Amino acid sequence: RPEFALRTDLLAIAAPSAIAAACGVALRDYERGAHPSVAVGVGTGVFLGIFHHEMHNLPEKAFHAFSVMGAVFPESFKPHSLAIWTVVLVGFAAIAFLTM
């Protein structure tokens, strides 16, 4: 675990800033009429794969964004949440690759 997590028992989530940066680059390319960046599309796909893997294995980390420590993710909700995450992330990846 990073040193920050050992001191504060809270891991910083960088996902929103990474998604915002990718959206900003894509919108700037679209606005300028330039061809979309293949690197941003591939990076988005890799990022979404990592994000899906993390949320599948450690769904409790979603609570860290709200500073909720020690909360337990309900076992009965895990399959449903995995299905929702999969649909959302695959949809986002499809949009990212279709706009390349």
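According to my numbering, numbering within the sequence shown proceeds without interruption in unit steps and concludes at 726.
By construction, the Cβ of each residue, glycine as well, lies at the ideal position given by its N, Cα and C atoms.
Here the structure is a predicted model, which means the values were calculated and not measured.
Can you tell me which of the options puts its alpha carbon nearest to the alpha carbon of residue i?
| i | options | result |
| --- | --- | --- |
| H682 | A646, V713, F718 and A647 | V713 |
| L674 | A660, S707, L724 and A644 | A644 |
| A720 | K704, T670, A709 and F703 | T670 |
In three-state terms, what does DSSP make of residue i?
| i | result |
| --- | --- |
| L653 | helix |
| P642 | helix |
| L708 | helix |
| V672 | helix |
Around the C-beta of residue i, are 16 or more other C-beta atoms found within 10 angstroms, so that it is buried, or is it exposed?
| i | result |
| --- | --- |
| A697 | exposed |
| A648 | buried |
| A709 | exposed |
| V666 | buried |
Can you check whether the CB of residue j is closer than 9 Å to the CB of residue i?
| i | j | result |
| --- | --- | --- |
| L653 | F677 | no |
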